[in-house]
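Numbering (the working numbering), first residue to last: 21 to 270. Structure record follows, encoded as structure tokens.
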Amino acid sequence: MLKQKLRASFIHFLVSSFIITNFLFVIFFIWYPSPYDEINGIKHLLVVLIGVDIVLGPLLTFILYKKNKPSLKFDLSVIITIQLIALIYGMHAIYQGHPVYVVYAVDRFELIPAKDAHPERAKYDEFKVSTFWRPKLVYAKLPTDRVERNKLLFETVFEGKEDLERRPEYYEPIRKYTENIIKRGIDPAVLFSNEDKKNKLKQFLQKTNKTEKDFAFLPLVGKEKDIVIAVNRKTGEIAGTIDVYPWLQG
């Protein structure tokens with residue numbers, strides 16, 4: 021009897037693990053490439069998902085399994101239903117929160133989740149992206165026309181509509197505005213003001229084999245926490261991130 025229970029539970033575990041492993045691949049390599057997984061705080065959802073689908077499901081199978089048991093099919097169908105509900109809920113919640121755009125607006129980079137993204141409103145075809153794919157880096161440009169700028173301000177402040185960073189109609193190719201972004205970089209002497217922060221900067225520079233003068237450092241705003249993003253001053257490319265709180269009051 022014990023051997024049969026272990027076998028049934030192990031098969032259940034293998035099937036559940038296969039499904040979850042494929043889903044984790046989508047999460048960490050497509051929806052939440054590092055560091056977006058950490059700063060968006062999806063760990064608690066993953067813990068619940070893995071706990072129900074990989075631990076609880078096979079455990080219940082082990083407890084309830086008994087060959088030739090009249091209610092065995094019903095018992096297993098209930099377990100599978102619970103797993104499916106947990107999986108669908110987890111997938112939906114994680115999908116809704118994953119960043120579709122990484123937007124630079126005014127003085128910071130910010131993640132725009134799928135639930136708030138409106139790719140169909142973008143004026144450039146390259147930004148009419150699939151909300152199921154990797155985050156797209158863009159620049160949100162304030163309208164140059166005074167009337168349009170005032171309209172945006174009024175809608176944001178008085179009508180509660182989306183602010184600049186959530187308006188795809190204002191998205192521009194970020195490569196055209198590298199100089200503007202670099203100018204807003206935070207002074208490294210102020211940003212990395214204590215020993216712990218200096219050590220994190222040192223580790224980052226060792227990995228890139230460059231000096232702090234080669235980068236502009238700007239805030240990257242996440243749901244769970246904010247960190248620093250480093251922009252290469254020569255190429256304008258994102259060189260990486262540093263796990264340091266970017267705001268001076270921090």
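For glycine and all other residues, C-beta sits at the position ideal for the given N, C-alpha and C.
{"Item": "Inter-stretch contact at 8 Å, needing at least 3 Cβ pairs: the stretch 76–95 / the stretch 261–268", "Value": "no"}
{"Item": "Coarse secondary structure for R128, derived from DSSP in three states", "Value": "strand"}
{"Item": "Cβ neighbour criterion (16 or more within 10 Å) applied to F235", "Value": "buried"}
{"Item": "Exposure of Q103, with buried meaning 16 or more beta-carbon neighbours within 10 Å", "Value": "buried"}
{"Item": "Of the listed residues P133, F147, I132, nearest to P139 (C-alpha basis)", "Value": "F147"}
{"Item": "Contact under 7 Å by Cβ, F212 with K203", "Value": "no"}
{"Item": "Exposed unless 16 or more other CB atoms sit within 10 angstroms - verdict on G117", "Value": "buried"}
{"Item": "Cβ neighbour criterion (16 or more within 10 Å) applied to S36", "Value": "buried"}
{"Item": "Where L44 falls, given that 16 or more other Cβ within 10 Å makes a residue buried", "Value": "exposed"}
{"Item": "Pair within 7 Å by beta-carbon distance, F120 and E130", "Value": "Looking at the sequence provided, one finds Val at residue 120 rather than Phe. No, Cβ-Cβ distance for V120 and E130 is not below 7 Å."}
{"Item": "Classification of Y52 by the beta-carbon crowding that lies within 10 angstroms, buried from 16 upward", "Value": "buried"}
{"Item": "DSSP bridge partner residues for Y191 (one or two, in chain order)", "Value": "A160"}
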